[in-house]
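Following UniProt numbering, the numbering of the sequence shown begins with 1 at its first residue and continues without gaps.
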Amino acid sequence: MSANDLQFKMHDVYEVVKLLKYSVQIESITAYDNYLLVGNRLGHIFLYTTSPRVQLVDCNKTFSKRPILQLTAISECQIVICLSDERVSVLDVSRDKVIHLKTPGLQKTKGASTFTVNVKTPDGLQSNASNTVVRLCVAVKRQLQVYYWKGKDFLEHSENINLPDIPRTLVWCDQTVIIGCKNEYYLFDVTMEQVKPLFLTGKNQEPIITKISDTMFGVVKDSHLIVMSTMGKLAEQQFIKWVDTPSII
1 MSANDLQFKM
11 HDVYEVVKLL
21 KYSVQIESIT
31 AYDNYLLVGN
41 RLGHIFLYTT
51 SPRVQLVDCN
61 KTFSKRPILQ
71 LTAISECQIV
81 ICLSDERVSV
91 LDVSRDKVIH
101 LKTPGLQKTK
111 GASTFTVNVK
121 TPDGLQSNAS
131 NTVVRLCVAV
141 KRQLQVYYWK
151 GKDFLEHSEN
161 INLPDIPRTL
171 VWCDQTVIIG
181 CKNEYYLFDV
191 TMEQVKPLFL
201 TGKNQEPIIT
211 KISDTMFGVV
221 KDSHLIVMST
231 MGKLAEQQFI
241 KWVDTPSII
């Protein structure tokens, strides 16, 4: 058989679908199972199903009047954690609706700038609400607040942790929260409740942190991605050099 006799059919790995058909800036996106949540600048949250076809399931236009800056879905508990109007809230999406839960335990998050979540299911157990441990770390001005999910609310995990500066980004890896401030990176040991400095962020750049695994992360300094363990030690593949300083990873 000659090469001319062979016919190949292209396989479409991705399908491009326009979800929002009007001009409103998207601020945050999260996904779980076959669902997609989109938060926009007006404070609206849209819930889509992506299977068997993309379809709008619900829209909450009364949740907030400020931009939806951050969304993180916890599929095991069928909740979504949201940051808007300098406050962290919880959305119930268990019934294909975007419902704002009353969470008295998060009242102290007023003034929040960012948050990060750790979700852990013990080995050998099924991933569901009763077996899954969900922890939340919130940056409120120059403090870290740590919570854990119980029932239908977040409860305080420990005392607030004071920081030398206001966090701009947080990433949770295992028992460590990596903190990016304006001028410096820090490590927060959740178990020991201790904060230690790493190094400066670089010249005139926002802190950028990316999770690589449960025990490894990368931080950007100038035009390098520095790979480290949660113990604060450099990895074997220590540096990845970019042509220019990245804006996001």
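Each residue gets a CB set at the ideal place from its N, CA and C atoms; glycine is no exception.
- The C-beta distance from V88 to F46 rounds to 20 Å, too long to meet the 8 Å contact threshold.
- 8 Å or more divides the Cβ of H224 from the Cβ of I248.
- Secondary structure note for F188: its beta strand (DSSP E) is the uninterrupted segment E184 to D189.
- The three-state secondary structure of P207, taken from DSSP, is coil.
- One alpha carbon belongs to C82, the other to V93, and they sit about 12 Å apart.
- Within the same chain, G105, Y147 and Y148 come within 7 Å of L155 by CB-CB distance, once the 5 residues on both sides are set aside.
- DSSP places K196 in the strand class (E or B) of the three-state scheme.
- The beta-carbon distance between L71 and G111, rounded to whole angstroms, is 19 Å. This is too long to meet the 8 Å contact definition.
- Between the region 59-66 and the region 23-32, the count of Cβ pairs shorter than 8 Å is below three; the stretches do not touch.
- Closest by C-alpha distance to L37, out of D85, P52 and V57, is V57.
- Under the 10 Å beta carbon count, R41 is surrounded by fewer than 16 other beta carbons and is classified as exposed.
- Of all alpha-carbon atoms in D222, H44 and R142, the one lying nearest the alpha-carbon of P164 is that of R142.
- Only residues of its own chain outside the window of five on either side were considered, and among them R168, T169, G180 and T201 have a CB closer than 6 Å to the CB of P207, listed in chain order.
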